[in-house]
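Going down the list, the protein sequences come from chains A and B.
When we follow UniProt numbering, the leftmost residue of the first sequence carries the number 1, and every step to the right adds one.
When we follow UniProt numbering, the leftmost residue of the second sequence carries the number 1, and every step to the right adds one.
The structure appears below as structure tokens.
Protein chains: 2
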Amino acid sequence: MALEQVVRLFINKFGMISPGDRVLVGVSGGPDSVALLHLLWRMKDELQISLAVAHLNHMFRGEEARADARLVEELAESLGLPAYVEEFDVPAYRERTGLSAQEAARQVRYRFFEEVAGRAGASRVALGHHADDQAETILFNFLRGTGLAGLKGIPPVRGKYIRPLLDVRRHEIEKYCREHSLPVREDASNKKTIYTRNRIRLQLIPQLEAEYNPRLVEALMHLGHICREEDGYLEDQAALLYEQVSEAGRENYLLLEVKGLLSSPPALVRRVLRRAWRQLTGTGTDLTYLQVESLLDLLYKPAGGKIVELPRGVKASRFDRFLRLWIGGVVSTVPDYSYPLEVPGITYIPEINTSIEARLVTLEEAPDPGLLSPREALLDYDTLPAMLVVRRRREGDRFQPLGMPARMKLKKFLIEQGIPREERDRLPLVEAGGEIVWVGGVRPGEPWKVTGKTRRCLYLRIREGDMQG
Amino acid sequence: MALEQVVRLFINKFGMISPGDRVLVGVSGGPDSVALLHLLWRMKDELQISLAVAHLNHMFRGEEARADARLVEELAESLGLPAYVEEFDVPAYRERTGLSAQEAARQVRYRFFEEVAGRAGASRVALGHHADDQAETILFNFLRGTGLAGLKGIPPVRGKYIRPLLDVRRHEIEKYCREHSLPVREDASNKKTIYTRNRIRLQLIPQLEAEYNPRLVEALMHLGHICREEDGYLEDQAALLYEQVSEAGRENYLLLEVKGLLSSPPALVRRVLRRAWRQLTGTGTDLTYLQVESLLDLLYKPAGGKIVELPRGVKASRFDRFLRLWIGGVVSTVPDYSYPLEVPGITYIPEINTSIEARLVTLEEAPDPGLLSPREALLDYDTLPAMLVVRRRREGDRFQPLGMPARMKLKKFLIEQGIPREERDRLPLVEAGGEIVWVGGVRPGEPWKVTGKTRRCLYLRIREGDMQG
């Protein structure tokens, strides 16, 4: 099949171009982008598109780079196409930002394409990446460590960016350039093996082709296609699960329902956790395998109070029914409150939209204290002063947790329990005679615990919403 | 963490062993399996298991191999464990079967383990594969060309086989052997770089670690874990879709409903197609990317009559509402039949559980012939002899398809249309005056087509089941 035909099928397969589109072609002056421009130019009437050319001189390579720019201008002129040829001082930008040369160039280049596409009224930006670039990217990610997201490689279409040559081998592109006597210039920095990617391209891939698989590039292209489809499907499923298990949080705070995660396939849970972290940090980067594992550990083996620290200042802990992720300092939104506790009866606390149910039971009627959830408590009623109050925590609160020998700062206790700051003010404290007898949702106090001598038990339970009826 | 602790966590994570299990440990005499035996022996009381040792001399390496066997026997004796040490002439087996040395050894070894596990009453067989084996396997598959199934590498658990050391590096195993002064022997054939896998282990992985990523093995282990989970989830989803779209076929014949496939995510469709092929061939091997692509082409662009040939004699074509896959010659099961066609009316054909509806309509009332499905036909009623018959095809049938200049052999026409042999006898033929006027489900005859002069149209439609009632 002629190259033109292959490229036409690929464009159709991914719906890259529609009639009426104006396509801006990024042309460096190398064979890939020159061939791309020439192919699109030959197809433009058939595809019913108009074309424009964009070239950015990154100012890394002085006179050589200016010659590239002239070549692109002349080529565009010979094809009767408008050309946007500009320069940007990437070395200076790199100096300012501290980015690597390749990353700085990438950022500047895409900003340039965005800006020129706007000016030129282009709905699409076509780039010359080809199958060997794809193989190089996939192999690079594979060696560095990745999942499906890295193995899918460069996308054929992302937003307005299209890559019609992504299934074409570089040698076919070079052959096309020779056959059509197209003027091309090679970027000398592509030959420098100090860059890992160049070494992969110039040394490793040829070596692997010679020693292990002459069709390696094709195999990696196919892997890329499969992983793109499968990763897309898995992300769609993970997005659905994320919708189900995430509670509307705030910008810097996020809750994931543990029950929903535990009953879901681990493959999706991993993706939901990564999604939550991206949501909080607003980045497109990703957690590593081991970071996700540390979150899974929280989920599958809830060791009380553990806080996992993740990149970009995100912390996570499991508490009560939720896995919590938060970032930075979270400010309390619960106003101070204090209500008499109805015993027996139900006390509603509007500030946290929660009710506390209180019942008096005999030791025989009482549930086994060992089987209670943190949302329940059993206290020896006759050791308590008659007047019980439920209130928000306050500076300087002290508390003797069940099982502890002495009182301690409540704040220290809550930190040790891994309860995020946001959550601490949401815990209803039951107080009697100036002492905290239950930190609702966490633990009752040691002095009021039920013993063999207990006659009447106070059974307390937190219930969501207004249960007063 | 001590190696023993790492291995214990790994055994728990995958639920490899339960109290009361009898575990047969495959011991070659190399450091991996010797360390595995020693570790399990130390944990056996804690895990509440009993152990036995199995060793097979493959008879590739004469005296050296007999020394390995003696080492294993002595080791088992020193640990007070029963040993099943046997030999099998793998070179002769290889000669007989034409398999590669490695594949022949693998087959014989697993058969040996099955057999000894039965004799020893073992519920589990533990093998010494470790993280470097895993990295080697994943890299081997990656280079050769694969999808997720290959990237997941060696499974920690498959049936009764368990691999407790799969997350442990080889150097940690060797350190353990030195620390416990365990007697080990190296298999010299592991050093021969004529085997691709040995070259990957001895040359490529060290090179990639030195030049690209010192933590490559760890990165590949993590990739393996992710791909195992994701591949498992995708296979589960594909199995559900397969249930939905596959019609109960016969052993050598299988139908997939096109509509259900077209409305499903391509990632799952690919897996359903591979599943269908495995189902027909009964093999655990797989189709290549390009073979699956050729099936997808059938599905997404139904070019009339194309037959795709797949490995192991499987053929596929798209016809009517189904993608069909079949293998070998398929024998007809439809007995010969012939019924007068009721016009107007409904004629039921019990042999194929299908009805034909016939109506007379004016040209104005008739649907646009261009919009008819192959299951409908519109004929010029006044050009037809009065007596119409519906019957099965017979040897020597001839037919002039709509759009063709002359009559041709019906069989040839049906082959060109890609209709599998199994299907051909299921097509109801409508005959008038000894001529086939409609091959039901495929195409009407040219001589009876509707023209501008047509006054009365015969509208025919195939409906499934008995519609006479």
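Every residue, glycine too, gets a C-beta built ideally from N, C-alpha and C.
R407 of chain A to G128 of chain B, Cα distance in whole Å? 53 Å
Among all the DSSP beta bridges, which residues are the ones paired with C457 of chain B? B:V361 and B:D380
Rounded C-alpha distance that separates W438 of chain A from L323 of chain A: 23 Å
Chain B beta carbons: is any one of them nearer than 7 Å to that of H222 of chain A? yes
So with Cβ pairs under 7 Å, would you call P385 of chain B a contact of chain A? no
What first and last residue would you give for the beta strand (DSSP E) that runs through N57 of chain B? S50 to N57
With DSSP as the reference, label Y110 of chain B as helix, strand or coil. helix
Specify whether the region 448 to 456 of chain B and the region 331 to 346 of chain B touch according to this definition: at least 3 beta carbon pairs, one from each stretch, less than 8 Å apart. no
V390 of chain A and Y339 of chain A closer than 7 Å at C-beta: yes
Could you check which residue in A:Q279, A:R321 and A:N12 has the C-alpha nearest to that of E251 of chain A? A:Q279
Run through the DSSP bridge pairs and tell me what A432 of chain A is partnered with. A:L388 and A:E435
Tell whether a beta-carbon distance below 7 Å holds between V125 of chain B and K160 of chain B. yes
Under the three-state reduction of DSSP, which class applies to K160 of chain A: helix, strand or coil? coil
Integer Cβ distance of L298 of chain B from R318 of chain B, believed to fall under 8 Å: 5 Å
Where the alpha helix (DSSP H) through residue 523 of chain B begins and ends: Since the first residue shown for chain B is 1 and the last is 469, residue 523 of chain B is missing from the structure and cannot be characterised.
Any chain A beta carbon closer than 7 Å to Y300 of chain B: no
On the criterion of 16 or more Cβ atoms from any shown chain inside 10 Å, does H225 of chain A qualify as buried, or is it exposed? buried
Could you tell me how far apart the beta carbons of D132 of chain B and R169 of chain B are, in whole angstroms, since I believe they sit closer than 8 Å? 6 Å
Could you check the C-alpha separation between A83 of chain B and G153 of chain B for me, to the nearest Å? 30 Å
Distance, A54 of chain A Cα to R119 of chain A Cα: 11 Å
Taking only the alpha-carbon atoms, compute the straight-line gap between residue 471 of chain A and H222 of chain B and give it to the nearest angstrom. It is not possible to answer for residue 471 of chain A, since the shown part of chain A is limited to 1 through 469.
Would you decide whether D231 of chain A is buried or exposed? Buried here means 16 or more other CB atoms lie within 10 Å of its CB. buried
Meets three-Cβ-pair contact criterion under 8 Å: the region 23 to 30 of chain A and the region 49 to 67 of chain A: yes
Hey, A219 of chain B and G145 of chain A: beta-carbon distance below 7 Å or not? yes
How far does the alpha helix (DSSP H) with T196 of chain A in it extend, from its first residue to its last? T196 to R199
Within the continuous beta strand (DSSP E) that includes residue 470 of chain B, where are the two ends? Past the boundaries of the shown model lies residue 470 of chain B; chain B is included only from 1 to 469, so the question cannot be answered.
When you compare each of B:L40, B:D89 and B:E73 to R61 of chain B by their alpha carbons, which one comes out closest? B:D89
Could you give the DSSP three-state label for V142 of chain A: helix, strand or coil? The displayed chain sequence assigns Phe, not Val, to residue 142 of chain A. Reduced to three states, the DSSP call for F142 of chain A is helix.
Is S264 of chain A closer than 7 Å to L240 of chain A when the C-beta atoms are compared? no
How is M408 of chain B classed by DSSP in three states: helix, strand or coil? strand
Return the chain-ordered list of same chain residues with a C-beta closer than 6 Å to the C-beta of R359 of chain A, the five sequence neighbours on each side being excluded. P344 and Y459
Going along the chain, which unbroken runs of the alpha helix (DSSP H) with 4 or more residues stay wholly within the region 66 to 105 of chain B? 90 to 97
Under 8 Å by beta carbon: chain C residues contacting E95 of chain A: The chain inventory of the structure shown lacks chain C, comprising the protein chains A and B.
Can you check whether the C-beta of Y195 of chain B is within less than 7 Å of a C-beta belonging to chain A? no
Alpha carbon to alpha carbon, how far is E77 of chain A from E209 of chain A? 40 Å
For A117 of chain A, decide whether its Cβ has a neighbour in chain B, counting only Cβ atoms nearer than 7 Å. no
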